[in-house]
Amino acid sequence: MKKSFIYPVILFFVILALYAPIYGQAAAKNADSDGVLFEFRQKKGESSLHISTIEEEAYLNGRLNNRTQIVNRTATTVTDTNADGSARLHTHYMTTENYLMNVSGRHLSWGEEDFVNLTRTKSGEFLNPDNDYLPTVQNVPSFPKSSIKPGDSWRASGKEVHDCRELFSMTDAISIPFTAEYSYIGDEIIDGVKLNVIEVYYEFSQGVGRRSAATGTYAGASGFAQQKIWWDCAKGDIDHYIETFMIKMVDIMGMTYTFKSAAHGEVLEYKSVNDQATVEKLQERVNDMALENINITRGQKGLTISLENIQFEPDSDLLLPSEKEKLEKIGALLKDYSNDLLITGHCAERGTPKSRQILSEQRAEAVASYLEQLGVRDSLHIFTQGKGSTEPVASNATEEGRKKNRRVEIILAD
48 MKKSFIYPVI LFFVILALYA PIYGQAAAKN ADSDGVLFEF RQKKGESSLH
98 ISTIEEEAYL NGRLNNRTQI VNRTATTVTD TNADGSARLH THYMTTENYL
148 MNVSGRHLSW GEEDFVNLTR TKSGEFLNPD NDYLPTVQNV PSFPKSSIKP
198 GDSWRASGKE VHDCRELFSM TDAISIPFTA EYSYIGDEII DGVKLNVIEV
248 YYEFSQGVGR RSAATGTYAG ASGFAQQKIW WDCAKGDIDH YIETFMIKMV
298 DIMGMTYTFK SAAHGEVLEY KSVNDQATVE KLQERVNDMA LENINITRGQ
348 KGLTISLENI QFEPDSDLLL PSEKEKLEKI GALLKDYSND LLITGHCAER
398 GTPKSRQILS EQRAEAVASY LEQLGVRDSL HIFTQGKGST EPVASNATEE
448 GRKKNRRVEI ILAD
């Protein structure tokens, strides 16, 4: 019940500001003495990373069902630009629930993934998304084409899109239009940087008349969103933001599903290092350190450092001292890059599939914990996953092959 109850609307609590940052280079520039002109100025090849943390309470028929911390990682790249200032964007979403980290000290597990490509105008309007369910909040923020002064307000239309196919047995996305109220309330100096402060608020309500396969058991929704954005003109994107949300959904039987959330987020510029030049550079440095059984390659999710035949205590996740020394040297290399880390554990075919899966997760966690202890990354920028023995790189029929499969990969995530 928990999965079907929460996940369909999980992205609602992050994407209000998701495309505000970008993703590419957005700019607010001094247009004239009358105010500031805000517009997105996107440059092909530029990328940004948005990390948001959401504290969510979910209610079923007015009674608290659960509390969850959700972390969303969203990486966007400008893939093309047009003469009118619009740009084509590619965004990768990853959503994970942070429950286990709070309870047991574990790191974030790499979670649900999805993608969308769309065009965004320089004023913030979204066009032609190729995913019917993303982005969840569209056209926020949107800016007027004229200059804005502190104290000015404006209105712009937007839309929420929710994937509730499982929750309401429906075939289509829920699409709810709204009108957002914006206010440019002034500027603040934070850590020596001048930031423009913008407040956003909107309410929405929708009812469904005639039932169909498209709407399933969905009967309607209502809610609001309120956000405060600190916009960095020098960087040309969001610096950080805070927000609160509430959405209440109801089905044809009168069951209500209510989500209340408080969130905060940051936007980071990042550069993909998943290229052959970086592979060769890092491999050379690893060879100079006389580190054995380490291979560096380009991977699907980012540049991959594979620690083959990594040594633990037998059938455990306790690193041997020799492996800690190796990780200390690898950690020093990783500090030269700002990308998030994805630690993936792999096993040889020994024991049951379930035991191999658990052990691979535990070993990934052990490596992640040691890298965090070394100060390589904090807990919000390191993720883990276990693959059991499902992705071998060599035959398990020989001891040499099993050594290669008994590995941990450190991925500098795109």
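Per my numbering, the sequence shown starts with residue 48, numbered consecutively.
Backbone N, C-alpha and C fix where the C-beta goes; we use that ideal spot for every residue, glycine too.
Across the structure, Lys450 and Glu370 are spaced so that their CA atoms are roughly 15 Å apart. In the displayed model, Ser385 falls within coil according to three-state DSSP, outside both helix and strand. Judged by pairs of C-beta atoms under 8 Å, the stretch 230-238 touches the stretch 178-197, as three or more such pairs exist. Scanning Gly256, Thr168, Leu338 for the CA closest to the CA of Ile299 turns up Gly256. Rounded to whole angstroms, the separation of the alpha carbons of His311 and Ile101 is 7 Å.
Check the Cα spacing between Gly270 and each of Gly132, Lys307, Lys241, Ala281: the tightest is with Lys307. Distances from the alpha-carbon of Ala395 to those of Ser407, Glu372, Val163, Asn386 put Ser407 closest.
In this structure the stretch 200-219 does not touch the stretch 237-245; the number of beta carbon pairs closer than 8 Å is below three. In its chain, beyond the 5 residues on either side, Met217, Thr218 have a beta carbon closer than 8 Å to the beta carbon of Ala260. Within the DSSP bridge table, the entry for Ile352 names Ile343, Ile457 as partners.
Close CB contacts of Gly132 within its chain, under the 6 Å cut and outside five residues either way in sequence, are with Lys169 (chain order).
Runs of the beta strand (DSSP E) spanning 3 or more residues and lying entirely within the stretch 130-198 occur at 134-144, 159-167, in chain order. Relative to the Cα of Lys275, the nearest Cα in the group Ala268, Gly283, His287, Tyr265 belongs to His287. Contact holds between the stretch 444-459 and the stretch 349-362, because three or more Cβ pairs, one in each stretch, are under 8 Å apart. Taking a contact as a CB-CB distance under 8 Å, the pair Leu165 and Tyr317 does not count as one, their CB atoms being some 20 Å apart. For the pair Gly254 and Gly263, the CB atoms are not nearer than the 7 Å cut-off. In this structure, His393 keeps its C-beta atom at 7 Å or more from the C-beta atom of Arg345.
The stretch 209-264 is shown to contain whole beta strand (DSSP E) runs of 3 or more residues at 221-237, 240-254, in chain order. Nearest neighbour of Gly398 by Cα position, chosen from Glu144, Ser436, Gln420, Asn334, turns out to be Ser436. DSSP lists no beta-bridge partner residue for Glu412. Each of Thr123, Ile237, Tyr229 was checked against the Cα of Glu246, and the nearest Cα belongs to Tyr229. Less than 7 Å divides the Cβ of Phe190 from the Cβ of Phe85. Ranked by Cα distance from Pro400, the options Gly378, Lys434, Thr445 are led by Lys434.
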